[in-house]
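Trainee: Okay, here's the structure, questions in a sec.
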Amino acid sequence: MPTLLSVLEPVPLSPRGGLGSPYARLNLRRNPFGEPTEEELALLVVADLGEMTAWLALPGHALQLIGDCGRGKTARLLALRALVEPAPPYVYLAEGEPIPALPGSGMLLLDEAQRLPTRRLRALLRRLDRIALATHEDLEGELRRAGYEVRTETVAGLDLPTFEAIVERRLEWARLAAGPLPRLAEGGLADLHARHGDDLRSALGELYDIYQRRIDGVREECDGQV
Numbered sequence: 030m031p032t033l034l035s036v037l038e039p040v041p042l043s044p045r046g047g048l049g050s051p052y053a054r055l056n057l058r059r060n061p062f063g064e065p066t067e068e069e070l071a072l073l074v075v076a077d078l079g080e081m082t083a084w085l086a087l088p089g090h091a092l093q094l095i096g097d098c099g100r101g102k103t104a105r106l107l108a109l110r111a112l113v114e115p116a117p118p119y120v121y122l123a124e125g126e127p128i129p130a131l132p133g134s135g136m137l138l139l140d141e142a143q144r145l146p147t148r149r150l151r152a153l154l155r156r157l158d159r160i161a162l163a164t165h166e167d168l169e170g171e172l173r174r175a176g177y178e179v180r181t182e183t184v185a186g187l188d189l190p191t192f193e194a195i196v197e198r199r200l201e202w203a204r205l206a207a208g209p210l211p212r213l214a215e216g217g218l219a220d221l222h223a224r225h226g227d228d229l230r231s232a233l234g235e236l237y238d239i240y241q242r243r244i245d246g247v248r249e250e251c252d253g254q255v
């Protein structure tokens with residue numbers, strides 16, 4: 030299993046936390062692989078969305094992001110929301126929960142679209158003029174029958190350089206100040222990538238656990254010095 034390099038020198042403890050907190054001793058504001066807000070997640074995406082954004086600028090266009098869980102469909106939808114003007118509503122369909130209110134016109138970003146019953150989907154498509162959806166099932170047929178020009182993007186495949194760029198962006202997001210950051214030992218990211226493939230969610234989850242163990246270890250060191 031990858032291990033963290035001890036790249037940071039401890040800074041003086043503060044009786045009220047501050048620079049003496051376990052995060053600050055690692056030059057972090059938080060665990061880099063924790064759950065970001067929707068707005069933060071949109072900024073953490075490493076992907077070229079220029080063509081998708083241009084596609085959604087035209088009425089009558091639909092964008093379908095299809096792929097397995099954990100590949101980055103939600104992050105792309107949220108990034109598109111930040112790029113399209115005016116920002117369209119984003120709706121997530123949670124499994125086993127009531128369907129939330131859906132817009133009656135305009136554009137929509139719909140996450141987990143396969144959970145919407147077919148009749149409801151057809152009625153929704155008649156009301157909108159543009160839609161971007163993330164789905165595990167291919168809904169291109171329904172979109173075309175509703176009169177949309179459809180662009181389907183399969184969200185799959187993750188090469189090592191892109192994975193490394195995603196990890197680096199996460200580290201910079203969590204950075205506290207200038208200076209070194211805690212990183213995996215040499216070969217650690219390549220090992221993670223080899224084991225998780227394009228399951229980004231799973232890889233980030235393991236990174237969260239690795240960093241949290243390091244943070245907890247520093248916390249114990251801090252407590253032992255008080």
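To convert, count from 1 in the sequence shown and add 29; that's this note's numbering.
Beta carbons are placed, not taken as given, at the ideal position from N, Cα and C, and that holds for glycine.
(1) Which value, in whole angstroms, describes the spacing of the CA atoms of tyrosine 256 and leucine 94?
(2) For aspartate 227 and arginine 159, I'd like the C-alpha separation in whole angstroms.
(3) Hey, is the segment 128–139 in contact with the segment 216–234, meaning 3+ C-beta pairs nearer than 8 angstroms?
(4) Relative to the C-alpha of alanine 223, which candidate in Phe192, Leu112, Leu210 has its C-alpha closest?
(5) Return the bridge partner residues of valine 179 from the DSSP annotation.
(6) Quick one: using the 10 Å Cβ neighbour count with 16 as the cut-off for buried, is proline 209 buried or exposed?
(7) Taking 8 angstroms as the threshold, find out whether the segment 96–105 comes into contact with the segment 229–242 through three or more Cβ pairs.
(8) Whose CA, out of Gly133, Leu122, Leu153, lies closest to the CA of alanine 142?
(9) Count the other CB atoms within 10 Å of the CB of threonine 164; is the residue buried (16 or more) or exposed (fewer)?
(10) Bridge partners of valine 120, per DSSP?
(11) Near glutamate 67, what residues of its chain come up, given a Cβ to Cβ distance below 6 angstroms and the 5 sequence neighbours on each side ignored?
(12) Taking only three categories from DSSP, how would you classify arginine 159?
(13) So, arginine 105 versus leucine 78, is the Cβ gap smaller than 9 angstroms?
(14) Assign threonine 164 to one of three DSSP states: helix, strand, or coil.
(15) Aspartate 167 to glycine 125, Cα distance in whole Å?
(16) Is the beta carbon of isoleucine 244 sitting closer than 9 angstroms to the one on tyrosine 52?
(17) Could you give the residue range of the alpha helix (DSSP H) that holds leucine 189?
(18) Taking only three categories from DSSP, how would you classify leucine 233?
(19) What does the alpha-carbon distance come out to for the pair leucine 154 and leucine 162?
(20) Beta carbon of glutamate 171, beta carbon of leucine 150: below 9 angstroms?
(21) How many angstroms separate the CA atom of glutamate 182 from the CA atom of threonine 82?
Mentor: On the basis of the supplied data:
(1) Nothing about residue 256 can be read from this structure; the chain reaches only from 30 to 255.
(2) 29 angstroms
(3) no
(4) Check the Cα spacing between alanine 223 and each of Phe192, Leu112, Leu210: the tightest is with Phe192.
(5) Ala91
(6) exposed
(7) yes
(8) Leu122
(9) Under a 10 Å Cβ-count criterion, threonine 164 is classified as buried, with 16 or more other Cβ atoms of the shown protein chains found around its own Cβ.
(10) Leu139
(11) Leu107
(12) Looking at arginine 159 - three-state DSSP - the assignment turns out to be strand.
(13) yes
(14) strand
(15) 21 angstroms
(16) Taking 9 angstroms as the Cβ cut-off, isoleucine 244 and tyrosine 52 qualify as a contacting pair.
(17) Its alpha helix (DSSP H) spans residues 189–203.
(18) Assignment of leucine 233 by DSSP, reduced to helix, strand and coil, places it in the helix class.
(19) 11 angstroms
(20) yes
(21) Each residue's CA atom was taken as its position, placing glutamate 182 and threonine 82 some 13 angstroms apart.
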